[in-house]
Amino acid sequence: EDQVTQSPEALRLQEGESSSLNCSYTVSGLRGLFWYRQDPGKGPEFLFTLYSAGEEKEKERLKATLTKKESFLHITAPKPEDSATYLCAVQNQAGTALIFGKGTTLSVSS
Amino acid sequence: DVKVTQSSRYLVKRTGEKVFLECVQDMDHENMFWYRQDPGLGLRLIYFSYDVKMKEKGDIPEGYSVSREKKERFSLILESASTNQTSMYLCASSLAGGETQYFGPGTRLLVL
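The listed protein sequences derive, respectively, from chains G and S. For the first sequence, the working numbering gives the first residue as 610, with consecutive numbering after it. For the second sequence, the working numbering gives the first residue as 1017, with consecutive numbering after it.
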């Protein structure tokens, strides 16, 4: 069964304190791994798609990496506006639907 | 920019009422999806559609139905709302061969 596990569930950082969020997955043939950001009471906002092990993508203070079993979302020198829930999802070769993890809620304080 | 809109941000309904949630996308996407999101459970797929008048059940279709009469519009119907359907409902769309799904702002539904 395809599955996505995100850790930690919650993470508190000080402004400028870099860290990483983890997304472990098992999937029957990875078609893509996705990262989304979700602010409270809003819909998820697309961040990145990764397709193969070794791939990396960056956007401002965020960098996503992918191995054969997990993905990391690295946050460098975070700011309070980076506070949100970060969702990871995978899509297998056979399917159209995404399988989501439960998310990591990040709080960055100044 | 992809734009997915949902008809209501907040809805309050009574148990037993028939509820319609509407979703419209403006990017000519073939695929459309309905999810619900609950604390501790994450996003769960209710139904999706890969073409007009086509639909596929997701992981939790019980108590729901859908309608897709036009390519840009996908409706979620709660035939007889129950309190356990109180949730955040999210619509998404994607291209037929594309993987990335783009989400709407969500509808927070409270069933009393």
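Each residue gets a CB set at the ideal place from its N, CA and C atoms; glycine is no exception. The model shown is predicted, which means the values in this text are computed figures rather than measured ones.
Beta strand (DSSP E) segment containing residue i, residue limits
i	result
residue 1076/S	That residue, residue 1076/S, is in no beta strand (DSSP E); it is neither H nor E in DSSP.
residue 703/G	No beta strand (DSSP E) contains residue 703/G, which DSSP labels as neither H nor E.
residue 1023/S	From DSSP, residue 1023/S is part of no beta strand (DSSP E); its letter is neither H nor E.
residue 612/G	612 to 616
residue 667/G	665 to 668
residue 1030/S	Segment: none, residue 1030/S is in no beta strand (DSSP E) and carries neither H nor E.
residue 1127/S	1123 to 1127
residue 631/G	628 to 635
Distance, residue j Cα to residue i Cα
i	j	result
residue 1100/S	residue 649/G	21 Å
residue 652/G	residue 693/G	12 Å
residue 1052/S	residue 663/G	32 Å
residue 696/G	residue 709/G	7 Å
residue 1090/S	residue 1061/S	14 Å
residue 669/G	residue 691/G	11 Å
residue 1097/S	residue 1076/S	15 Å
residue 660/G	residue 677/G	10 Å
residue 683/G	residue 715/G	12 Å
residue 687/G	residue 658/G	21 Å
Top-ranked residue by Cα proximity to residue i, from the options
i	options	result
residue 1107/S	1031/S, 1045/S, 1032/S and 1113/S	1045/S
residue 1124/S	1098/S, 1088/S, 1103/S and 1083/S	1103/S
residue 1025/S	1094/S, 1120/S and 1080/S	1120/S
residue 643/G	669/G, 716/G, 717/G and 712/G	712/G
residue 627/G	689/G, 618/G, 660/G and 679/G	689/G
residue 1110/S	1055/S, 1040/S and 1058/S	1040/S
Paired residues, beta bridge with residue i - DSSP
i	result
residue 698/G	643/G and 709/G
residue 1062/S	According to DSSP, which records beta bridges pairwise, residue 1062/S is partnered with nothing at all.
residue 1051/S	1061/S and 1106/S
residue 1038/S	1091/S
residue 1097/S	Partner(s): none; residue 1097/S has no beta bridge.
residue 621/G	716/G
residue 1068/S	None, per the DSSP bridge assignment.
Every unbroken beta strand (DSSP E) within the stretch 650 to 693 of chain G, with a cutoff of 3 residues, ordered by chain: Fully enclosed beta strand (DSSP E) runs of no fewer than 3 residues occupy 654 to 659, 665 to 668, 671 to 675 and 679 to 684 of the stretch 650 to 693 of chain G, in order along the chain.
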